[in-house]
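What follows is a short report on a single structure.
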Amino acid sequence: MPADPASGRSGPQEVAVVRHPIADARNIVVGYELRFGGSIDLGDPAMDAKATSALLVEAFGDIGLETLAGRHPAWVTIARNFLVEIGPPPVRPDRAVLQIKAYHAREDLLQILQRLSRSGYTIALDEWEGDLGANVEELMSLCSIVRVDVSRIPAAELPRVLRVPKMQGALLVATEVGDHAAFLRCQELGFTYFQGEYFAQPRTFKHRGVATAGLGSLRRLNKLTSGDISFEDLERIISSDVGLSLKLLRYVNSAFFSLPRNVSSVHEALSLLGVRTVRRWATVMVLASIPDVPDELVSLGLRRAHMCEILVGHTTTEEREMMFTIGLFSVADALLDMPMADVLESLPFTEELQAALLRREGPKGELLAAVTAYERGEFPTLPTSDTRPTLAGAYRAALEWADETGRAIA
């Protein structure tokens, strides 16, 4: 049974899947790696290939490739016996990158990979560690992309590991890039694409002040998040910012709302949508308008916010708003390039919210920790009930909502 987008709930055959962005040196997303959870592990060479086929069909058919990867190709790990027993995955060559783990490949697999390459599929060698034993070099010759987990290889060893892929002209992808220092090292080594948590980490430096744009954003966020803001206060805050006013009117008049008539003033927008909706939108817009912020980072904040809001269940509006705020501001340190503690010093958040964001403490902090663990592909479980959907269902609903919202505020 498919997931209900409104509630995030789904039937027992629900696929646990998460997408991890792959970006270039400018932090522009070029693809999404799909990682699946549950009892089936796509990286296990001993798994049942038919079960993998069923999982991929359900993921691409039920959830949809458009939802999972948008206009970008989906990078999918294919098991060693999958292609031999089943054949190509149920996706067009231009919509997927097939990841094959580096190992001793038999002749039957090499022949299949040759046919797939001639058919237009892009093949990536995954988890390359520099071992040229057996016929891995022959396997690599069929792969136009080589992925290296830089967290598992000492920095001094990386030039040796990259020597053969560079000789063959492969595009290099650094995976598990943990921070910006590692990102810069990988750039110097010749990697083209990057994957990891680095883009969601603040680039903090000693004695580095907050940029003027960041200070202005913090001031506006302070006003927007303080207590029960009134209709008049919100109208004054937005109206005093010409850019924010124009974006609000463009947003309200977009196809996202499909209103029967054009809205021409901030006052009219507030009257139609209500203080709560406009306040939430304005908070998102202030964060999204910070200069040099990757779109994917804004999307991550939106996804976390809606996922947290869904998972809190059928509780009070205030509780849902609080969880939305916690999810959204969990990326504020990376957006503003400053430590989270410094961000929170400038915002009128309660001790409960600060404990959740800083230390993942309390029920709200634990929920945020579960959401971020799910994003990493750890697939934790939460108690489910009529008021709390599954993490997998909430992630799927949040993915669609965040992508749609991101297009509307662009």
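Counting from 257, one number per residue, gives the positions in the sequence shown under our numbering.
Cβ coordinates follow ideal geometry from the N, Cα and C atoms, glycine included.
C-alpha gap between residue i and residue j, whole angstroms
i: F292; j: T646; result: 15 Å
i: V353; j: M396; result: 15 Å
i: D364; j: S545; result: 52 Å
i: A653; j: T323; result: 10 Å
i: E631; j: H276; result: 8 Å
i: E577; j: L558; result: 13 Å
i: I582; j: A666; result: 22 Å
i: I368; j: F338; result: 11 Å
i: L567; j: D659; result: 19 Å
i: H523; j: E488; result: 9 Å
i: D484; j: P604; result: 12 Å
i: K357; j: W384; result: 8 Å
i: L505; j: L372; result: 49 Å
i: G499; j: T606; result: 29 Å
i: N518; j: L528; result: 11 Å
i: A538; j: F585; result: 14 Å
i: V508; j: L515; result: 8 Å
i: L638; j: F316; result: 25 Å
i: S501; j: D593; result: 26 Å
i: E575; j: N478; result: 20 Å
i: A305; j: I342; result: 7 Å
i: A648; j: P550; result: 25 Å
i: E491; j: V531; result: 9 Å
i: R419; j: A650; result: 43 Å
i: Y359; j: L398; result: 13 Å
i: M579; j: R535; result: 15 Å
i: E656; j: A626; result: 19 Å
i: E289; j: W331; result: 4 Å
i: V340; j: G376; result: 18 Å
Cβ distance (whole Å) where residue i is taken to contact residue j below 8 Å
i: T333; j: D280; result: T333 to D280, Cβ: 21 Å. No contact.
i: V587; j: L553; result: 6 Å
i: V406; j: E432; result: 6 Å
i: E602; j: L414; result: Contrary to the premise, residue 602 reads as Ser rather than Glu in this sequence. About 39 Å separates the two Cβ atoms, so there is no contact after all.
i: V347; j: D318; result: With 8 Å as the limit, V347 and D318 do not qualify as a contact, their Cβ atoms being about 14 Å apart.
i: R644; j: G569; result: 4 Å
Residue burial classification, residue i (beta-carbon count within 10 angstroms, cutoff 16)
i: Q370; result: exposed
i: S496; result: exposed
i: Q451; result: buried
i: T661; result: buried
i: G267; result: Low per-residue confidence applies at G267: pLDDT is 43, beneath 50, and the placement is therefore not dependable enough to give any value.
i: E565; result: buried
i: V273; result: buried
i: P619; result: exposed
i: A411; result: exposed
i: I494; result: buried
i: H562; result: buried
i: M423; result: exposed
i: L388; result: exposed
i: P636; result: exposed
i: T628; result: buried
i: E634; result: exposed
i: G621; result: buried
i: G287; result: buried
i: I476; result: Reading the sequence as shown, one finds Arg at residue 476 and not Ile. The residue is buried, with at least 16 neighbouring Cβ atoms inside 10 Å.
Neighbourhood of residue i by C-beta distance below 8 Å, restricted to the same chain and skipping five residues each side
i: L614; result: M596, A597, L600
i: V429; result: I278, A380, I401, V402, R403, V404, F447, T448, Y449, F450, Q451
i: T378; result: P329, P349, A352, V353, L354, S400, I401
i: L427; result: S400, I401, V402, T448, Y449
i: V313; result: P346
Same chain, Cβ closer than 6 Å to residue i, five either side skipped, listed in chain order
i: F512; result: A664
i: A467; result: In this prediction, A467 has a pLDDT of 48, which is less than 50 and means its spatial position is unreliable; what the coordinates show is noted afterwards. No residues qualify anywhere along the chain.
i: S555; result: A658, G662
7 Å Cβ shell around residue i - same chain, five flanking residues per side excluded
i: Q457; result: D435, H436, A590
i: E617; result: A611
i: S510; result: A664
i: L526; result: F487, L490, E491, V534
i: M541; result: L500, K503, I665
Q. Taking only runs of the beta strand (DSSP E) that begin and end inside the stretch 367–444, which ones reach a length of at least 3 residues, in chain order?
A. Listed in chain order, they are 378–382, 401–405, 427–431.
Q) Unbroken beta strand (DSSP E) runs of length 3 or more, entirely within the stretch 441–529: which are they? A) none
Q: Write down every uninterrupted run of the alpha helix (DSSP H) in the stretch 571–615 whose length is 4 residues or greater and which is fully enclosed by it, in chain order.
A: 573–585, 588–592, 596–601, 607–615
Q: Only counting runs of 4 or more residues, tell me where the alpha helix (DSSP H) segments fall wholly within the stretch 272–351, in order along the chain.
A: Here the runs fully enclosed are 305–314, 321–325, 338–341.
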